[in-house]
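Below you'll find the structure, written out as structure tokens, and then a few comments.
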Amino acid sequence: MRKRWFPALLLMLFAVSFAASASAETLSWNAVTTYTDGTSIGSATVTYQAYWTTNSSLTGLNTLGSAGSSTSRTFNVDTSGMPRGSIIYFTCKATVSGVDSSLASALSWNVPTKSPSAPSNLQMN
Amino acid sequence: MRRVWILSLAVWVAVASVWSMGCGGAGAEGGASGTVPGAIATVLAWDPPTTYVDATPLNPLMDLDYYEFYIRQDPSFTEADSHMAEVNAVDNQVLVSEFQLVNLLPFLPPGPRSYLSIRAVGVDGSKSPFSQPIAWDHI
Numbered sequence: 018m019r020k021r022w023f024p025a026l027l028l029m030l031f032a033v034s035f036a037a038s039a040s041a042e043t044l045s046w047n048a049v050t051t052y053t054d055g056t057s058i059g060s061a062t063v064t065y066q067a068y069w070t071t072n073s074s075l076t077g078l079n080t081l082g083s084a085g086s087s088t089s090r091t092f093n094v095d096t097s098g099m100p101r102g103s104i105i106y107f108t109c110k111a112t113v114s115g116v117d118s119s120l121a122s123a124l125s126w127n128v129p130t131k132s133p134s135a136p137s138n139l140q141m142n
Numbered sequence: 761m762r763r764v765w766i767l768s769l770a771v772w773v774a775v776a777s778v779w780s781m782g783c784g785g786a787g788a789e790g791g792a793s794g795t796v797p798g799a800i801a802t803v804l805a806w807d808p809p810t811t812y813v814d815a816t817p818l819n820p821l822m823d824l825d826y827y828e829f830y831i832r833q834d835p836s837f838t839e840a841d842s843h844m845a846e847v848n849a850v851d852n853q854v855l856v857s858e859f860q861l862v863n864l865l866p867f868l869p870p871g872p873r874s875y876l877s878i879r880a881v882g883v884d885g886s887k888s889p890f891s892q893p894i895a896w897d898h899i
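Those protein sequences? They're chains A and B, same order as listed. This note's numbering numbers the first residue of the first sequence as 18 and each following residue consecutively. This note's numbering numbers the first residue of the second sequence as 761 and each following residue consecutively.
Here is the structure:
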């Protein structure tokens, strides 16, 4: 019998962290292990799709990376098109056997600005 | 008409005279040499940044908004300092990398030597660190 319960997306604790390389950040979350009725997902494959948006109501979602079983996504602010100096919102959904969870609670993030280097060779002529 | 021309020349000579007194330039403690000794400096010049502080590329034509000019009696510029003048980073799609020093004369602090520094400001409002200060000797 097909499970009718959605995967429970317990992703409240996901966070954005800075990776080692310049301008690379990582969004991570807790793995989904149960359905919404509390039963274990067991060995079924869970895939995740992360999103970002500028809308706190989580509309107009932009995908962040591709769907996969990893519980993190590393991204580049500029190539992702995120507006520096603005607040954006991350969310994520889990999929098990073709059944999607609801979206995780939004994580807000202030996209950092990037300062120019100082002008050089200052001189009076 | 001739009188106007003479008056203009007189003003120019007066400014140049102040300038010749004010811009001897010198090596500076904590700051680079501002000018060649004995030369009359009229322009402050710089190289626009081409990277962000994280070393990623910056296109000064697209990514810079303006420059800020700072003057102090010592070379210890801080975030608490206020800038005295601004100039657009791009003018008619051409990079701006010079500023007429005469525009800074009203802001000279008392004393024989001042220090100049500038900051680039990005289109998102983020400011660069201060440039290496240079000394500006004047009477």
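For each residue, glycine too, the CB sits at the ideal point set by N, CA and C.
- Between Ala67 of chain A and Arg90 of chain A, the CB-CB gap stays under 8 angstroms.
- At the C-beta level, Asn93 of chain A and Ala41 of chain A come within 8 angstroms of one another.
- Of all C-beta pairs linking the region 48-58 of chain A to the region 94-106 of chain A, fewer than three are shorter than 8 angstroms, placing the two stretches out of contact.
- The beta carbon of Tyr826 of chain B is closer than 7 angstroms to those of Glu846, Val847, Asn848, Ala849, Val881 in its chain, skipping five residues each way along the sequence.
- Chain B has no Cβ within less than 8 angstroms of the Cβ of Leu75 of chain A.
- Between Ser857 of chain B and Pro808 of chain B, the beta carbon gap of about 6 angstroms places them in contact (Cβ cut-off 8 angstroms).
- Excluding its 5 nearest sequence neighbours in each direction, Thr130 of chain A has C-beta neighbours in its own chain below 6 angstroms: Arg101, Gly102, listed in chain order.
- Spatial neighbours of Tyr830 of chain B in its own chain (CB-CB distance under 6 angstroms, excluding positions within 5 residues in sequence) are listed in chain order as Phe837, Asp841, His843, Ser877.
- A Cβ-Cβ contact shorter than 8 angstroms links Asn142 of chain A with Ala801 of chain B.
- In chain order, Thr76, Gly77, Leu78, Asn79, Ile105, Tyr106 place their CB closer than 7 angstroms to the CB of Thr70 of chain A, counting only its own chain and leaving out the 5 sequence neighbours on each side.
- With respect to the C-alpha of Val128 of chain A, the residue from B:Phe859, B:Tyr875, B:Asp884, B:Pro870 having the closest C-alpha is B:Asp884.
- Not a single C-beta of chain B is nearer than 8 angstroms to the C-beta of Ala41 of chain A.
- Beyond the five residues adjoining it in sequence on each side, Glu828 of chain B comes within less than 7 angstroms, by CB distance, of His843, Glu846, Ile878, Arg879, Val881 in the same chain, given in chain order.
- With the criterion set as a beta carbon lying under 9 angstroms from some beta carbon of chain A, the members of the region 798-821 of chain B are Ala799, Ala801, Thr802, Val803, Leu804, Ala805, Trp806, Asp807, Pro808, Pro809, Thr810, Thr811, Tyr812, Val813, Asp814, Ala815, Thr816, Leu818, Pro820, in sequence order.
- Membership of Ser45 of chain A in the beta strand (DSSP E) is indicated by the continuous run 41-45.
- By the criterion of a C-beta distance shorter than 7 angstroms, Ala61 of chain A is surrounded in its chain by Val113, Ser114, once the five residues flanking it on both sides are discounted.
- For Thr130 of chain A, the chain B residues whose C-beta falls within less than 8 angstroms of its own C-beta are Gly882, Asp884, Gly885, Ser886, listed in chain order.
- Against chain B, a Cβ distance below 7 angstroms from Asn138 of chain A picks out Trp806, Asp807.
- Closer than 8 angstroms to the CB of Met141 of chain A there is at least one CB belonging to chain B.
- Proximity of Ser842 of chain B to chain A, defined by a Cβ-Cβ separation below 8 angstroms, is not satisfied.
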